[in-house]
Every structure is written in structure tokens, then in C-alpha cells.
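Presented below is the structure to which this report refers.
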Amino acid sequence: MGPSQARRTVAVSEYDPQALQAKWQQRWEEQEPYRASDDDADPRGRRYMLDMFPYPSGDLHMGHGEVFAIGDVVARYWMQQGYNVLHPIGWDSFGLPAENAAIKRNAHPAEWTYANIETQAHSFRRYGIAFDWSRRLHTSDPDYYRWNQWLFIRFFERGLAYRKGGLVNWCPNDQTVLANEQVVAGKCERCGADVVRRELTQWYFKITDYAQRLLDDMEQLHGWPERLLTMQRNWIGRSEGADVLFEIEGRDEPVTVYTTRPDTLYGATFFVVAADAALADEIVTDEQRPAFETYRAEVARLSDIERLSTDKEKTGVFLGRYAINPVNGERIPVWAADYVLSDYGHGAIMAVPAHDQRDLDFARKFDLPVRVVVHTGLADPGETGEATPGEGTLVNSGPLDGLSKAEAIRAIIEHLEREGRGRGTVNYRLRDWLLSRQRYWGTPIPIIHCPDCGEVPVPDEQLPVTLPDLRGEALAPKGVSPLASATEWVNVECPKCSGPAKRDTDTMDTFVDSSWYFLRYCSPGYTDGPFDVEQVRKWGPIDQYVGGIEHAVLHLLYSRFFTKVLHDMGMVDFTEPFARMLNQGQVINGGKAMSKSLGNGVDLGQQIDEYGVDAVRLTMVFAGPPEDDIDWADVSPAASQKFLARALRVMSEVTSEPGVPFESGDVALRKVTHHTIDEVTKLVDSYRFNVAVARMMELTSAARKAIDAGPGPADPAVREAAETLAILLSLVAPYTAEEGWERLGRTGPVAFAGWPAADPALLVQESVTCVVQVAGKVRDRLEVPPGIAEDELRELALSSEKIAPYLQGMPRKVIVRAPKLVNIVP
1 MGPSQARRTV
11 AVSEYDPQAL
21 QAKWQQRWEE
31 QEPYRASDDD
41 ADPRGRRYML
51 DMFPYPSGDL
61 HMGHGEVFAI
71 GDVVARYWMQ
81 QGYNVLHPIG
91 WDSFGLPAEN
101 AAIKRNAHPA
111 EWTYANIETQ
121 AHSFRRYGIA
131 FDWSRRLHTS
141 DPDYYRWNQW
151 LFIRFFERGL
161 AYRKGGLVNW
171 CPNDQTVLAN
181 EQVVAGKCER
191 CGADVVRREL
201 TQWYFKITDY
211 AQRLLDDMEQ
221 LHGWPERLLT
231 MQRNWIGRSE
241 GADVLFEIEG
251 RDEPVTVYTT
261 RPDTLYGATF
271 FVVAADAALA
281 DEIVTDEQRP
291 AFETYRAEVA
301 RLSDIERLST
311 DKEKTGVFLG
321 RYAINPVNGE
331 RIPVWAADYV
341 LSDYGHGAIM
351 AVPAHDQRDL
361 DFARKFDLPV
371 RVVVHTGLAD
381 PGETGEATPG
391 EGTLVNSGPL
401 DGLSKAEAIR
411 AIIEHLEREG
421 RGRGTVNYRL
431 RDWLLSRQRY
441 WGTPIPIIHC
451 PDCGEVPVPD
461 EQLPVTLPDL
471 RGEALAPKGV
481 SPLASATEWV
491 NVECPKCSGP
501 AKRDTDTMDT
511 FVDSSWYFLR
521 YCSPGYTDGP
531 FDVEQVRKWG
541 PIDQYVGGIE
551 HAVLHLLYSR
561 FFTKVLHDMG
571 MVDFTEPFAR
581 MLNQGQVING
591 GKAMSKSLGN
601 GVDLGQQIDE
611 YGVDAVRLTM
621 VFAGPPEDDI
631 DWADVSPAAS
641 QKFLARALRV
651 MSEVTSEPGV
661 PFESGDVALR
671 KVTHHTIDEV
681 TKLVDSYRFN
691 VAVARMMELT
701 SAARKAIDAG
711 PGPADPAVRE
721 AAETLAILLS
731 LVAPYTAEEG
741 WERLGRTGPV
751 AFAGWPAADP
761 ALLVQESVTC
771 VVQVAGKVRD
781 RLEVPPGIAE
791 DELRELALSS
801 EKIAPYLQGM
811 PRKVIVRAPK
821 LVNIVP
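Per UniProt numbering, the sequence shown starts with residue 1, numbered consecutively.
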């Protein structure tokens with residue numbers, strides 16, 4: 001019995017995904033085929049494919065199933081193209097869920113964390129993702145967070161890490177502060193609790209020093225979705241305007257106000273200070289203080305979102321003081337209000353009610369003057385209640401009268417600078433990154449507080465500062481970090497003077513961990529620094545990053561900031577970490593997000609048990625474009641399983657020998673194969689993975705037809721189609737592809753078989769079938785040249801004898817999609 005007959009004997013009609021998984025998973029674990037090579041002698045070009053690493057909150061869920069299936073398509077495609085691909089995996093393993101679970105279970109957070117990591121690692125191996133497991137990392141390991149601390153100290157030395165007091169966002173549920181980016185619609189982005197403002201001294205990273213570079217360097221990000229870039233631009237919020245100095249009666253120092261419309265200075269009829277700003281507390285008169293104190297307490301209960309809402313009724317209190325308008329000397333009353341935030345600009349604004357709706361609403365509420373200084377052609381805002389913020393000609397503005405907005409802005413800035421009462425400036429919405437957290441399960445901040453020496457970094461040789469052993473109720477949130485209770489850990493000698501001192505008891509925001517983890521993957525065992533600089537130069541920046549749009553501001557902005565600082569430190573030679581970004585949608589069910597309360601959750605493991613890994617992965621990829629949501633109620637893993645069974649059967653029934661010359665095979669099937677290669681290559685390059693799967697299905701049907709009714713299983717063209725199918729299918733269904741490759745008599749992993757090249761001679765189409773519809777129903781099919789013009793195709797369709805009976809006179813509309821479709825609307 002020859003090899004071909006042996007393969008026919010092995011071929012089975014029943015598709016057993018569990019058996020395939022057990023067989024090939026064992027081989028992959030033994031062979032470790034997906035390890036990236038650091039060998040400089042390796043001639044292959046390098047590519048770095050990265051998925052946003054998971055948090056170990058339990059087993060893998062449907063969202064993981066989607067994002068990692070998508071990322072694996074890219075990694076495996078590059079492997080097939082002959083690249084040396086780095087595709088690592090690790091866990092973002094610090095954070096509140098582990099700490100809360102430890103409190104509930106009276107345990108240590110590490111127990112829950114590392115048990116979940118092992119569960120997920122097992123599931124990832126089962127899921128067949130082409131990871132380089134040798135580079136696995138966990139951010140909660142001391143040999144990882146040691147380098148968080150090392151980097152913090154370097155930032156501190158450069159003036160980029162600092163501590164200050166002020167109002168911060170406070171989550172009363174999680175009992176910790178939040179960065180501005182972690183507050184969504186006034187609520188904690190993690191737990192959903194209403195966020196309040198609280199006065200605390202906290203650690204910050206000075207990301208604002210990099211605001212302009214974060215904007216400018218977006219010019220490098222041609223491979224990012226425009227929606228994501230827009231979100232970052234809006235968050236950074238660059239605006240051009242002027243800082244204007246206003247004297248406050250009874251105060252020695254002038255108050256600086258930032259405005260984007262200095263041309264409207266003559267229209268400023270009152271002055272507003274944020275109710276929670278230190279300035280308001282400083283200047284309020286004794287007579288007005290009781291009313292102010294009551295009002296400030298009311299404002300403290302509001303979130304920033306509520307305060308900025310245009311629908312909220314305006315509130316405020318007169319502070320008993322007057323400001324002096326620097327351009328006309330007019331005394332204008334100073335109010336405290338909630339619609340101005342203490343951390344915007346300088347916490348105070350000049351109010352121009354005629355040309356700003358919030359100012360106008362406030363003026364009408366408290367019967368304050370409204371003065372038009374820009375004639376826009378619209379009715380007087382004082383009468384209509386509608387502010388006129390647009391373009392126009394300056395009026396009631398002394399020397400500015402008759403000027404346009406742009407001319408007036410230039411003129412007034414020149415005047416302010418000449419008089420020493422202001423200057424042109426740029427402002428940003430972005431605020432410094434608040435990174436302190438009053439919880440246990442995170443990186444300890446490596447600073448020692450000495451009463452004599454102040455803030456002293458822990459010496460590098462004493463890193464890492466490891467967490468003391470706290471568990472259970474000792475971790476319960478108390479408004480201060482649980483670390484404060486570990487007195488033996490807290491009380492230390494000052495590294496400078498050897499006197500008594502105390503460790504900082506806050507931990508770092510876990511976004512610090514994820515701001516540079518992708519660099520650690522390049523040399524995970526490196527001990528002389530956070531990463532081997534030379535290896536990062538060889539691998540970085542990341543060629544393709546895959547993850548959710550929910551990280552558009554948080555993680556991605558912070559990672560970009562870290563990369564720029566590291567570039568300035570000479571540790572990386574690029575300024576943007578991720579060359580290309582791909583955002584996946586959500587997996588939903590029945591039109592709604594999956595949740596326990598709705599009872600519409602789908603368990604990834606159960607789906608794999610029922611249909612097999614390949615069927616689930618194929619369904620994820622085939623459901624639609626990566627960025628679209630997948631409604632699991634509308635897809636069919638059972639249909640995917642049937643397709644995979646058909647594909648494996650095709651690969652199993654080929655009877656020609658490996659290495660047979662394909663040129664002697666059936667030309668029609670060879671054309672289908674090479675058109676499929678050409679189209680799938682273009683589709684994968686453009687992220688249209690779902691359409692690429694459709695082309696694989698078409699190739700399977702063509703090969704099946706050739707086996708059953710065409711030249712038969714021995715024809716070389718059938719082998720070419722089957723081998724091509726195995727290679728293409730390896731991107732989305734690795735178990736089935738490997739099995740098919742073996743049944744085809746091929747040796748070595750199909751993942752490295754080599755991406756096939758389309759023969760240009762076989763891509764030439766002599767004719768294309770054009771479908772002609774009338775009122776949406778197919779009435780004729782025409783064989784036409786591929787390059788036929790739309791006008792010619794239109795006339796050809798209208799003159800068809802088969803179409804004539806369905807037309808009465810000239811049609812109302814003819815839609816032509818040359819060369820494949822004409823739709824006639826009678």
C-alpha cells in the first residue's frame with residue numbers, strides 16, 4: 001500500500017476537534033515552534049505582534065476569544081511570510097479585583113491572582129494561540145515591579161514625578177483616588193460608584209510636559225484608526241489664547257485668567273472663580289464667608305461632569321470682591337460658581353455673557369450685565385437668551401472696533417504684552433497623571449519621607465521594595481493605604497542621614513505596569529535594567545498592537561508618554577511605541593452586552609467543548625470586520641464546524657504525491673486557487689479577515705467539486721488547492737490546518753510552510769459573469785470582459801432579450817457595479 005492509499009485510509013468523514021486539539025497541543029508544547037529568535041545570525045526580518053495583555057480575573061471569556069483570535073491571524077500570517085515573529089504573552093496581575101477577592105476570602109491577593117493566571121494559561125494553550133511562552137511575565141512579580149520602582153526614581157530625578165496637595169477624584173467604594181482618565185461620566189470606571197472630590201497630597205507624573213509632543217507625534221501614527229487619534233487629541237485638548245492678568249481689590253497679586261477669546265475682553269461684565277479653588281477661599285469677605293462655606297460644601301458633592309453639564313441650572317455666590325478689567329479699568333463683581341473647575345486654566349475665568357452660553361445663563365440667573373462686543377448679525381443675547389459665540393466684527397471695544405475676530409485677537413494680545421497685563425499662550429485640557437493609590441496590591445512607591453531630608457528615593461541596590469505580607473481584613477479599605485498599618489515595614493532609616501524615616505505607603509496605579517511591559521518582553525530575564533536596550537532596538541517599536549477602543553486614552557496615552565521619556569533617557573530610539581493599532585469590537589448576545597443580570601452570558605469554554613477551538617475561532621473572525629461587534633445570537637459555530645469538516649475531508653482525499661508539479665493540473669481549478677491566494681493576501685493586509693475566510697470557503701467548494709465531478713483527487717491542481725487551503729486556514733483554524741497538512745503528506749509545521757505566491761498568468765480573467773437583476777430578482781447572467789465600462793455594461797443589460805419582458809418603457813433607475821452586477825428598477 002503506497003503513501004497515497006495510506007492517507008486515504010486515515011481520512012475520516014467524522015470531524016473530531018477534541019482529538020485534534022489533544023494531538024497537536026501536545027506536539028506544540030514539545031516542539032515550542034513559536035519561539036522568537038534573538039540570534040543576530042538569523043536572516044529573517046523581525047516583526048513584533050502584541051495583544052493587550054489580560055487581567056487574571058478568572059478564566060478566558062468571549063472577549064478574550066475574539067481579540068486573541070484576531071491578533072493570532074496577524075502573527076501567523078507574518079510567520080507564513082517568513083518573518084521572525086515576536087508574539088509574547090503575560091499578565092497585568094496587580095489591581096483591585098485581586099485585593100477585593102482576598103478580603104472576601106481572608107487570603108492573600110497573590111493566591112487568587114496566580115491561580116487565575118494558571119487557569120488562563122491553560123486555556124490559552126488550548127486555544128492554540130501562537131505565543132512565545134518563554135517570554136511570559138507577570139507584573140506582580142517582584143522581578144518585574146522592581147523596574148517600575150527603578151523607572152519611578154528616574155522620573156523623580158528628572159522632575160517628572162512629584163508630590164503635591166490638591167483636590168483629587170475619590171472613589172468612595174474602592175477607597176482610593178483616581179486619575180481624571182479613570183472617571184467616566186462622573187463615575188469610577190472600574191466599579192461605577194459616583195466619584196467625589198477630596199483634598200489629598202498625592203504623587204503625579206508630569207505628563208503635561210509632553211502634551212505638545214503627544215499631539216505632534218500623532219503624525220507618525222498612520223496605522224492608527226482616526227477615531228482613536230481623535231479621542232486622544234480631544235483629551236489632550238490643545239487651545240490657543242491668552243493669559244490675562246486681573247487685579248482683585250484687596251489682593252496684592254493679580255489673578256491670571258486663561259481665555260481663548262481675548263478679543264471679547266471689553267465684554268467681560270463679571271469674574272468667576274471655581275468654588276473649590278484656594279483663591280475663592282482666600283478672597284471671600286468675612287460678610288460673604290458663611291454663604292460661601294455652605295455653597296462650597298454643596299459643590300463638593302458634585303462630579304466634574306455634573307458641574308460642566310449645560311443642562312444644569314447655574315448656581316453661585318458673590319464673594320464680596322471686585323476685579324479690575326485690564327483693558328477698560330471697569331470694576332466687575334467676583335463670584336464663586338460650580339461651572340468653573342479649579343484645575344482648568346488657573347481656576348478662574350472672565351465672564352463674557354453675550355458670547356458664552358454658560359456665562360449668559362449665569363448672568364440671567366443673577367441679573368448681571370450683558371454687553372455685546374462682537375456683532376454677528378444675530379439678535380441681542382440679553383433679550384433672546386442665546387449667546388453668540390461665532391465670528392463677527394468687534395463693537396463696543398474701543399480701539400478694537402471694526403476688526404475681525406482674528407485681527408482683534410492679535411491686536412489685544414499685542415496690547416496686553418506691551419502693557420505687561422497678559423501674554424499669548426497655549427493651554428491643554430490634559431492634566432498631570434495622578435498615580436498614587438491607597439490600596440495594597442500594587443507597586444510600592446520607592447520614596448522614603450525623612451523629617452530632615454524630605455523625599456528621598458530608595459537606593460537602586462535596595463530595590464525592589466517588596467510588599468509586606470498582608471491578607472484578609474488587613475487589606476480592607478480605610479481611606480488610607482493598608483500599608484500604613486505595617487509599621488515594621490513603614491519605619492526605616494533615611495538613606496541619606498540614617499535618621500528615623502517612613503516609607504511612602506501608597507502604591508502605583510496599575511497603568512504604570514502596562515505603560516512599558518511591551519519593552520520587557522524583548523528581554524524578560526534581563527537583570528541590569530528594565531530591559532536590554534539593544535534587544536528593544538532590534539524588536540521595537542511594536543509593528544501591530546491589537547486591543548479594545550476602551551484604552552484609547554488611558555493605557556495608550558500613558559504608554560506613549562513613557563516611550564517619549566525613555567527616548568529622552570536614551571533607552572529607546574523611537575518616540576512612538578505602536579506603529580499600527582487594531583481595535584476589536586465586543587462580543588454581545590441578543591443585541592446586548594453579556595451580563596449575569598440579563599442572563600445572556602456565553603461561556604467560552606463551553607463553546608469550545610461543544611464545537612472545538614477552531615470552530616469558535618473561525619466564527620469570531622468570520623462574523624464581521626474586527627472593529628464591529630459580534631452578536632453571538634446571529635452567528636453559528638456549528639456551521640463553522642461543518643465547514644472545517646469539509647475542508648479537512650478535502651485535504652484528506654488528495655491522492656497525488658507531495659511535490660508533484662502543479663503546472664500539469666486542471667487550469668480552471670488552478671485559476672481559482674491563485675485568485676484566492678491573491679485576494680486573501682490583500683484582504684489580510686487590510687484587516688478584512690472575515691472576507692478572507694469567505695474566500696477560503698469558496699476554494700474549499702471548488703476543490704470539493706474538482707474531486708467529485710472534475711479531474712478527481714489525483715489531479716495536481718487538487719493537491720495545490722488543498723495545500724493552499726491548509727496554509728490559508730492555518731491563520732484561523734490551526735488544529736485543522738496542521739492535521740490537514742500532515743494528511744497531505746507534508747512534514748514540518750504548516751505555520752511555517754511559507755505563504756503561497758499567486759501566479760500573475762493565472763490571475764488573468766478572460767470573462768466575468770455579470771448578474772442582471774430586475775426589481776431585485778436575477779433575470780439574466782452575462783459573460784463580459786473584466787474591464788468593461790459601466791455605460792457599456794448598462795446598455796448590454798438593457799438590450800438583453802431575457803430582460804425585455806420585465807421592462808415596460810425606460811426603467812426608473814439602473815444601478816451598475818461593473819463588471820459583476822446590474823440592478824434595474826422598473
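Yeah, the Cβ is synthetic: ideal placement off N, Cα and C, and Gly gets one too.
- The alpha carbon of Gly748 has as its nearest neighbour, out of Gly392, Pro756 and Glu738, the alpha carbon of Glu738.
- Here the C-alpha atom of Ser559 lies approximately 15 Å from the C-alpha atom of Met571.
- When secondary structure is reduced to three states using DSSP, Lys104 falls in the helix class.
- Shortest Cα-Cα distance from Cys453 to any of Glu199, Pro495 and Gly186 involves Pro495.
- By the CB criterion at 8 Å, Thr724 and Pro760 fall outside the cutoff.
- The DSSP-derived three-state label of Leu137 is strand.
- Close CB contacts of Ala615 within its chain, under the 7 Å cut and outside five residues either way in sequence, are with Pro17, Pro637, Ser640, Gln641 and Leu644 (chain order).
- According to the DSSP assignment, Phe562 belongs to the alpha helix (DSSP H) that extends over Leu554 to Asp568.
- Along the length of the region 202-251, whole beta strand (DSSP E) runs at least 3 residues long occupy 238-248, reported in chain order.
- Sequence-distant partners of Lys314 (beyond 5 residues in either direction) whose C-beta falls short of 6 Å from its own C-beta, in its chain, are Asp361, Phe362 and Lys365.
- Assigned with DSSP and collapsed to three states, Lys365 falls in helix.
- Close CB contacts of Phe518 within its chain, under the 7 Å cut and outside five residues either way in sequence, are with Leu50, Ile542 and Pro577 (chain order).
- Going by C-alpha positions, Pro290 is about 25 Å away from Thr269.
- Between Ile89 and Phe53, the C-beta gap is smaller than 8 Å, which places the two residues in contact.
- C-alpha of Ile324 to C-alpha of Arg331: approximately 5 Å in a straight line.
- For Ser436, the secondary structure class from DSSP, reduced to helix, strand or coil, is strand.
- By the 16-neighbour rule on beta-carbons within 10 angstroms, Met569 is exposed.
- For Leu416, the uninterrupted alpha helix (DSSP H) run begins and ends at Lys405 to Glu419, by DSSP.
- By alpha-carbon distance to Gly525, the top candidate from Arg431, Asp141 and Lys705 is Asp141.
- Contact between the region 201-213 and the region 410-422 is absent, with fewer than three C-beta pairs closer than 8 Å.
- When C-alpha distances from Pro500 are compared across Asn491, Ala130 and Asp506, the shortest belongs to Asn491.
- Ala22 and Phe752 have their C-alpha atoms spaced approximately 21 Å apart.
- Burial is judged here by how many other beta carbons sit within 10 angstroms of a residue's own beta carbon; Leu763 has fewer than 16 and is exposed.
- Non-local C-beta neighbours of Gly45 in its own chain, meaning closer than 6 Å and more than five positions away in sequence, comprise Tyr83, ordered along the chain.
- Apart from the 5 residues on each side of it in sequence, Asp628 sits with its Cβ closer than 6 Å to the Cβ of Gly585 in its chain, given in chain order.
- If you draw a 10 Å sphere on the C-beta of Ala709, you find fewer than 16 other C-beta atoms in it, and that means exposed.
- Between Val284 and the set Leu302, Phe271 and Ala336, the nearest pair of CA atoms involves Ala336.
- Per DSSP, reduced to three states, the secondary structure at Val512 is coil, with no helix or strand assignment.
- Taking a cut-off of 8 Å for Cβ pairs, the region 578-597 and the region 255-262 do not touch, as fewer than three such pairs fall below it.
- Residues Met49, Asp51 and Val546 of the same chain have their beta carbon placed closer than 7 Å to that of Gly71, with the five preceding and five following residues left out of the count.
- Collapsing the DSSP output to three states places Asn84 in a strand.
- When C-beta atoms of the region 375-387 are compared with those of the region 348-355, three or more pairs fall below 8 Å, so the two segments count as touching.
- Annotated as distal: Asn328 and Gly422, with beta-carbon spacing of 8 Å or more.
- Residue environment: Glu795 is assigned as exposed (fewer than 16 neighbouring CB atoms within 10 Å of its CB, all protein chains considered).
- Under DSSP, Thr507 takes part in a beta bridge, and its partners are Arg437 and Pro444.
- By the C-beta criterion, the region 714-721 is judged to be in contact with the region 650-662, since at least 3 inter-stretch pairs fall below 8 Å.
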